[in-house]
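Residue numbering for the sequence shown follows the numbering used here, starting at 2 and increasing by one per position.
Worksheet for the structure shown next.
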Amino acid sequence: MSLPSGKVVSYGEVASDAGHPKQARFVGHILAKYAEELDLAWWRVVNAQGRLVQGLEVEQRRLLLAEGVMVSNGRARRTTENS
2 MSLPSGKVVS
12 YGEVASDAGH
22 PKQARFVGHI
32 LAKYAEELDL
42 AWWRVVNAQG
52 RLVQGLEVEQ
62 RRLLLAEGVM
72 VSNGRARRTT
82 ENS
């Protein structure tokens, strides 16, 4: 799955795209553990409700806003294939 600048998806969408639709939590685990080491765009992935990563909200919000993503009340506006 390609996550270009300005695109926001859920953990579940990443899991489904990888062929493991019930592994959203595992996606979160992988991002938490390997995002820096593997240079993964962790800030572009949110929960199903669009909520930002707990404890990293300020940094995630800053990074998303810099990419033109709308963030309001701790939630990012998710994008879809058609947007």
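C-beta atoms are modelled at their ideal positions from N, C-alpha and C, and glycine is treated no differently.
Being a predicted model, the structure only gives us computed values, none of them experimental.
Determine contact between the stretch 71-80 and the stretch 8-17, defined as no fewer than three beta-carbon pairs at a distance below 8 Å. yes
Given a threshold of 16 other Cβ atoms within 10 Å of its Cβ, counted over all protein chains shown, does Glu38 qualify as buried or as exposed? Stepping through the sequence shown from its first residue, residue 38 is reached at position 37. Result: exposed.
Please list the terminal residues of the continuous alpha helix (DSSP H) segment that includes Arg62. In the sequence shown, counting from the first residue as 1, residue 62 sits at position 61. Per DSSP, Arg62 belongs to the alpha helix (DSSP H) from 58-67.
Pair within 9 Å by beta-carbon distance, Gln50 and Arg76: On the sequence shown, residue 50 is found 49 positions in, with the first residue counted as 1. On the sequence shown, residue 76 is found 75 positions in, with the first residue counted as 1. Yes. Within cutoff.
Own chain partners of Glu60 with C-beta closer than 8 Å, once the 5 adjacent residues on each side are dropped: Taking the first residue of the sequence shown as 1, we reach residue 60 at position 59. These residues qualify, in order along the chain: Trp44.
Considering just the uninterrupted stretch of the alpha helix (DSSP H) at Arg79, what are its terminal residues? Walking along the sequence shown from the start, residue 79 turns up at place 78. Counting along the chain, Arg79 falls outside any alpha helix (DSSP H), and DSSP gives it neither H nor E.
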